[in-house]
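Just so we're on the same page, my numbering is the position in the sequence shown counted from 1, plus 379. Worksheet for the structure shown next.
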Amino acid sequence: MKTLRFLGDSRNRLCEFSPSAKQNAGFQLDKVQRGEMPNDYKPMPSIGKGVEEIRVWDESGTYRIIYTAKRDIDLAKKRFDELIRTIK
380 MKTLRFLGDS
390 RNRLCEFSPS
400 AKQNAGFQLD
410 KVQRGEMPND
420 YKPMPSIGKG
430 VEEIRVWDES
440 GTYRIIYTAK
450 RDIDLAKKRF
460 DELIRTIK
């Protein structure tokens with residue numbers, strides 16, 4: 380099983396999800412750790428190669444988790460930060 384590593388305040392943000400979204404997010408992250416694909420995801424090439432967005436839906440709304448299963452996490456974080464600055 381692959382190791383899961385949270386960056387910044389991402390673990391705290393995940394804890395803020397609704398109970399059902401948090402449970403589903405945990406299930407989806409477990410799938411990624413086992414080398415499987417999450418149920419609802421899309422590639423995020425604007426952030427970096429191998430970066431995916433998991434989408435979790437429940438009655439309260441949509442929740443998103445950005446992850447990479449590759450070792451390019453530093454590059455992905457840099458590009459994500461650049462993308463956020465561009466949006467603001």
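For glycine and all other residues, C-beta sits at the position ideal for the given N, C-alpha and C.
Taking a C-beta distance under 7 Å as the contact criterion, ARG458 and GLY414 do not qualify as a contact pair. Burial is judged here by how many other beta carbons sit within 10 angstroms of a residue's own beta carbon; ILE433 has at least 16 and is buried. Ranked by Cα distance from VAL435, the options MET380, PHE385, ALA455 and ASN403 are led by ASN403. A residue is called buried once 16 or more other Cβ atoms fall within 10 Å of its Cβ, and PRO424, having fewer, is exposed.
An exposed status is given to ILE463, since fewer than 16 other beta-carbon atoms sit within 10 Å of its beta-carbon.
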